[in-house]
Amino acid sequence: MSAHIYAWVKENNWRASVTDRYDKTRLPVGDPDCKLGAGRSTTKELSDGTTEEKKELIWGYGTGVAAATALSMAMSC
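Under the UniProt record's numbering, read the sequence shown as residues 1 to 77, first letter to last.
This is how it looks when you write it as structure tokens:
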């Protein structure tokens with residue numbers, strides 16, 4: 001399970017005029033620790049049978065949770 005935490009930067013605001021909004025080498029001034037990543041993604045099937053994937057790019061943080069169901073697996077790490 002993972003969650004996306006949006007950074008509070010103007011690059012995530014669609015109404016703000018920002019040049020090179022998704023340039024990984026230009027970190028946002030408001031939060032230089034955040035990273036560029038993909039938020040939500042949707043896949044749409046077109047009438048000709050092909051699929052089109054749309055990804056939402058955001059500046060922010062990603063979190064992840066790992067869980068083990070057996071005690072021996074958790075102890076071996």
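Even glycine gets a Cβ: it sits at the ideal position worked out from N, Cα and C.
Go to residue i, then tell me how far its beta strand (DSSP E) extends in each direction, as first and last residue.
i   : result
Y61 : 51–64
I'd like to confirm the pairing. Which residues does DSSP put opposite residue i in its beta bridges?
i   : result
S41 : K55
L36 : W59
A3  : T63
What does the alpha-carbon distance come out to for the pair residue i and residue j?
i          : j   : result
residue 79 : W14 : Lying before the first or after the last residue shown, residue 79 is absent from the chain, which here runs from 1 to 77.
G62        : Y6  : 9 Å
A67        : H4  : 18 Å
V9         : T43 : 27 Å
E45        : L36 : 27 Å
N12        : A38 : 12 Å
T69        : R40 : 28 Å
Given a threshold of 16 other Cβ atoms within 10 Å of its Cβ, counted over all protein chains shown, does residue i qualify as buried or as exposed?
i   : result
G64 : exposed
E56 : exposed
E53 : exposed
G60 : buried
Does any C-beta atom of chain D lie closer than 7 Å to the C-beta of residue i?
i   : result
T25 : Chain labels in this structure do not include chain D; a single protein chain is all it has.
**Message:** Across the region 20–27 and the region 38–52, are there enough close Cβ pairs to call them in contact, namely three or more that are closer than 8 Å?
**Reply:** no
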